[in-house]
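Notes follow the structure.
Number of protein chains: 4
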Amino acid sequence: MGQDWTLARIGVHIAEGLPLTALFDLDVLAADADHARLRINAGPQVLRPGGIVAGPILFAAADVATYALILARVGDPDAVTVDLTINFLRAGRNLPLIAEAVPLRAGRRLFSASVAITEQDGERRLIAQATTNWALS
Amino acid sequence: MGQDWTLARIGVHIAEGLPLTALFDLDVLAADADHARLRINAGPQVLRPGGIVAGPILFAAADVATYALILARVGDPDAVTVDLTINFLRAGRNLPLIAEAVPLRAGRRLFSASVAITEQDGERRLIAQATTNWALS
Amino acid sequence: MGQDWTLARIGVHIAEGLPLTALFDLDVLAADADHARLRINAGPQVLRPGGIVAGPILFAAADVATYALILARVGDPDAVTVDLTINFLRAGRNLPLIAEAVPLRAGRRLFSASVAITEQDGERRLIAQATTNWALS
Amino acid sequence: MGQDWTLARIGVHIAEGLPLTALFDLDVLAADADHARLRINAGPQVLRPGGIVAGPILFAAADVATYALILARVGDPDAVTVDLTINFLRAGRNLPLIAEAVPLRAGRRLFSASVAITEQDGERRLIAQATTNWALS
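Residue numbers (this note's numbering), protein chains in the order written: chain A, 1 to 137; chain B, 1 to 137; chain C, 1 to 137; chain D, 1 to 137.
If you want it as structure tokens, here you go:
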């Protein structure tokens with residue numbers, strides 16, 4: 001399975017099934033068996049009081065990047081998040097940001113990933129770090 | 001401090017400063033020193049593939065409910081999330097859902113909360129559970 | 001299944017299979033389908049610099065209390081911890097402490113629990129709070 | 001500060017203040033401003049039913065490795081763990097294991113680290129991964 005989950009198909013599936021990605025202006029840039037990459041674009045929709053990126057946008061980016069990784073690697077659109085822990089390390093001010101998910105475990109029932117969210121440009125500082133477990137269907 | 005952070009003022013502050021609450025249609029229903037309650041309304045914007053509530057909406061509800069609790073109790077609009085762990089326990093199908101945040105620690109520097117997300121009606125089953133730490137300013 | 005996992009049998013199984021419970025002087029006090037309770041006894045083995053209870057003892061208590069709960073409820077000695085998040089809320093100074101685990105999810109593949117660690121006597125203040133997911137065998 | 005916290009001094013401080021490191025036979029191998037490394041030695045004290053390494057030993061290794069890192073970098077023996085999330089990825093069978101902690105944030109009040117626990121020899125597979133936040137004193 002998973003053989004047909006090209007980046008283009010993943011993009012369409014996520015755009016159609018997850019309206020929040022359009023609301024937050026998140027773009028899946030890459031997805032294969034070993035990593036997935038998503039961009040958080042600048043815009044008023046991502047802000048919180050103080051003018052920095054809101055935590056829920058970073059969470060959404062980590063969650064959707066992992067979903068793209070699972071689609072590319074396992075081809076399981078019915079996989080669901082069991083849990084996710086996210087640490088917010090620096091205020092996100094310099095957008096766009098990039099969320100990159102890599103596998104920690106690819107089991108028969110459980111899939112685990114680590115996600116780093118960094119600035120796209122300049123020093124590429126680490127803004128947030130997440131770890132997440134998913135149940136495969 | 002915090003004496004002026006009435007529910008009405010909290011609602012305005014969040015509506016103006018956090019555009020994602022309008023995008024997701026989240027309503028702060030209550031906020032005082034001991035708990036805050038937020039409603040996730042039904043609508044296409046909250047869904048993921050499979051027709052259930054997407055994880056990022058539940059994360060956003062937990063995060064914003066905690067922010068409302070901190071505003072009501074401590075009156076610190078510049079408090080920021082240090083981390084948040086969320087466990088997704090059941091598929092959220094019967095909206096609206098209610099996120100209720102209660103304090104676990106109210107320190108001088110750190111504020112911690114537990115958030116339960118349940119169905120508003122019927123059996124009021126537990127959909128997700130979160131724990132979060134915030135840094136006060 | 002699980003019908004034979006009485007408190008006495010659980011105590012023997014844990015004492016024989018988990019040497020750390022003797023090293024830390026942890027006692028399983030109760031275990032049934034809805035909760036399990038474990039006591040952290042006072043002694044030099046539980047301390048860290050500053051004379052308070054060390055984090056790893058609290059983690060061990062949360063983990064073993066959940067294992068006792070799974071034995072009592074599901075009867076699966078081969079269940080393994082997928083992950084555990086623990087928040088340390090107050091310095092543990094007044095021992096003994098009690099760890100109480102309750103189920104959050106009892107699925108076919110995944111078992112999730114919440115664990116509260118409190119002082120046994122006096123104000124029974126909350127010292128730590130944990131959430132954990134286990135894979136059933 | 002921190003200028004005097006050599007590896008030798010860190011070893012003595014931990015051996016004297018944290019009896020669990022002797023009970024579990026954990027050795028701090030290295031500690032400087034950028035990483036700390038600790039070894040989990042083989043022995044019956046680290047086992048759980050099934051003959052694999054028990055979760056609490058891995059938690060203890062992650063927690064103590066981070067403490068050694070904080071001593072080496074910040075020189076704050078009164079720093080305390082705020083929270084720790086640990087993911088158990090593979091059964092630990094081939095000891096010794098190595099826990100390596102690296103900083104994610106070194107703030108004035110908060111210190112955050114990522115800890116990888118791997119096999120020391122052979123394929124050096126990843127056994128567990130942790131993220132932790134500490135409050136500096």
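Cβ coordinates follow ideal geometry from the N, Cα and C atoms, glycine included.
Alpha carbon to alpha carbon, how far is residue j from residue i? Give it in angstroms, no decimals.
| i | j | result |
| --- | --- | --- |
| F59(A) | D76(B) | 22 Å |
| A68(B) | D34(C) | 33 Å |
| E16(C) | S112(C) | 25 Å |
| T6(D) | A72(D) | 7 Å |
| P56(B) | E123(D) | 36 Å |
| E100(B) | D121(B) | 14 Å |
| V102(B) | A128(C) | 15 Å |
| N87(C) | A22(B) | 31 Å |
| D4(B) | I10(B) | 9 Å |
| V49(A) | P19(A) | For the sequence presented, residue 49(A) should be read as Pro rather than Val. Distance between the alpha carbons of P49(A) and P19(A): 24 Å. |
| R39(B) | H13(A) | 28 Å |
| R93(A) | A79(B) | 16 Å |
Is the Cβ-Cβ distance between residue i and residue j less than 9 Å?
| i | j | result |
| --- | --- | --- |
| V74(A) | A30(A) | no |
| A62(A) | R37(A) | no |
| V46(C) | L95(C) | yes |
| L97(A) | V53(A) | yes |
| G43(A) | D25(A) | yes |
| V204(C) | A135(C) | This structure cannot settle anything about residue 204(C), because the visible part of chain C is limited to 1 through 137. |
| N133(A) | N41(C) | no |
Leaving out five residues on either side along the sequence, give the residues of the same chain with a beta carbon under 8 Å from the beta carbon of residue i.
| i | result |
| --- | --- |
| L126(C) | L89, R90, A116, I117 and T118 |
| L104(C) | S112, A113, S114 and T131 |
| R108(D) | L136 |
Consult DSSP for residue i and reduce its assignment to one of helix, strand or coil.
| i | result |
| --- | --- |
| D27(A) | strand |
| A79(D) | coil |
| A54(D) | coil |
| L38(C) | strand |
| A135(D) | strand |
| L18(B) | coil |
| T6(C) | coil |
| D32(A) | coil |
For residue i, which residues in the same chain have their Cβ closer than 6 Å to its Cβ, ignoring the five residues on either side in sequence?
| i | result |
| --- | --- |
| E85(A) | Sequence check: residue 85(A) is Thr here, not Glu. Cβ within range, chain order: T131. |
| D32(C) | A72 |
In its own chain, which residues sit with a C-beta less than 7 Å from the C-beta of residue i, not counting the 5 before and 5 after it?
| i | result |
| --- | --- |
| I70(C) | D76, A79, F111 and W134 |
Please check if any C-beta of chain E sits within less than 9 Å of the C-beta of residue i.
| i | result |
| --- | --- |
| T66(D) | Absence of chain E from the displayed structure is noted, the protein chains being A, B, C and D. |
Beta strand (DSSP E) runs wholly inside the segment 90-131 of chain B, at least 3 long, in chain order: 97-106 and 110-119
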